[in-house]
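Novice:
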Amino acid sequence: MEREEIIEELSLLLMYLTAFQEEKGEETALRTWKNYSFEAVDNLVDKGYILTRHGNKSAYFLDEGIAKAKKIAAAYGIKVD
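So, in structure tokens, the structure goes:
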């Protein structure tokens with residue numbers, strides 16, 4: 000695995016582990032701060048794992064991103080929900 004891929008995966012995992020629920024009316028969304036490598040965040044957006052706008056300090060997790068983060072956590076032996 001290339002260095003950039005490792006940074007991307009670990010960034011996604013850390014984003015997931017530090018995420019918080021945001022309530023929007025009757026719906027909730029999993030939200031995270033994106034204080035990580037701009038390149039890694041852009042790649043995560045391109046892959047459909049998170050959703051954000053340029054200039055925002057936070058991002059929303061998409062279902063595929065949650066699933067990928069859980070898979071990465073399991074690979075590291077980290078128990079999540």
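Under numbering that gives the first Met the number 0, the residue at position 69 of the sequence shown is numbered 68, and the numbers go up by one with no gaps.
Glycine included, every Cβ here is placed at the ideal spot set by N, Cα and C.
(1) With the cut-off set at 8 Å, would you say residue 35 and residue 10 are in Cβ contact?
(2) Just to confirm my understanding: we take residue 63, look at its own chain, exclude 5 residues before and 5 after, and list those with CB closer than 7 Å. What are they?
(3) Note down, in chain order, each residue of its chain lying with its Cβ closer than 7 Å to the Cβ of residue 42, except the 5 sequence neighbours on either side.
(4) Over what stretch of residues does the alpha helix (DSSP H) that includes residue 69 continue unbroken?
(5) What does the Cβ neighbour count give for residue 15, buried or exposed, with the cut at 16 atoms within 10 Å?
(6) Compare the beta carbon distance of residue 29 and residue 59 with 8 Å and say whether it is the shorter of the two.
(7) Is it true that the CB of residue 31 sits closer than 8 Å to the CB of residue 18?
(8) Going by DSSP, what residues sit across from residue 19 in a beta bridge?
Specialist: To lay it out plainly:
(1) Cβ atoms of residue 35 and residue 10: closer than 8 Å.
(2) Excluding residues within five positions, the ones whose Cβ falls inside 7 Å are 47, 48.
(3) Cβ neighbours of residue 42 beyond the five flanking positions: 7.
(4) Counting along the chain, the alpha helix (DSSP H) containing residue 69 begins and ends at 62-74.
(5) Buried, since its Cβ has 16 or more Cβ neighbours within 10 Å.
(6) Against a cut-off of 8 Å, the Cβ pair of residue 59 and residue 29 comes out as a contact.
(7) If you check the CB distance, residue 18 and residue 31 come in under 8 Å.
(8) When beta bridges are read from the DSSP output, residue 19 appears opposite 30.
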